[in-house]
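Chemist: FYI, in full-length UniProt numbering the residues of the sequence shown are 1 to 86. Glycine included, C-beta positions come from ideal geometry on N, C-alpha and C. If you're wondering where the values come from, they're calculated on a predicted model, not measured in any experiment.
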Amino acid sequence: MADKKVNIDDTPPADGVAPPTEDEKPPPTFEQMWFNDPVEGREAQMLALKLRDGVVLRAETNRIYLERTGIVTFLLQGLKHLAKAK
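Structure representation (structure tokens):
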């Protein structure tokens with residue numbers, strides 16, 4: 001008995017998720033999200049990265065300060081008592 005040939009394109013994927021169609025484009029990457037002008041786009045990317053790094057550094061510094069001074073422990077105890085009261 002001859003084996004029946006199956007077209008791979010017609011079979012559903014194993015995980016049940018259909019492959020993306022031509023209309024569904026993947027989300028743009030970081031480089032594709034900016035300007036049409038590559039020079040202006042690259043400058044905007046560098047400024048965005050610099051700003052993000054500064055925000056992360058300041059947030060980390062505040063967290064270290066709050067943990068060192070014991071404020072975090074005090075706030076957690078207060079939240080715990082508030083949750084018990086409710």
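I believe V72 touches L66 by the beta-carbon criterion, under 8 angstroms. Please report the beta-carbon distance rounded to the nearest angstrom.
Modeler: With 8 angstroms as the limit, V72 and L66 qualify as a contact, their Cβ atoms being about 5 angstroms apart.
Chemist: From what residue to what residue does the alpha helix (DSSP H) around T73 run?
Modeler: Taken as a continuous stretch (DSSP letters only), the alpha helix (DSSP H) holding T73 covers I71 to A85.
Chemist: Which same chain residues end up closer than 7 angstroms to V55 when comparing Cβ atoms and leaving out the 5 residues on each side of it in sequence?
Modeler: Here the set comprises nothing.
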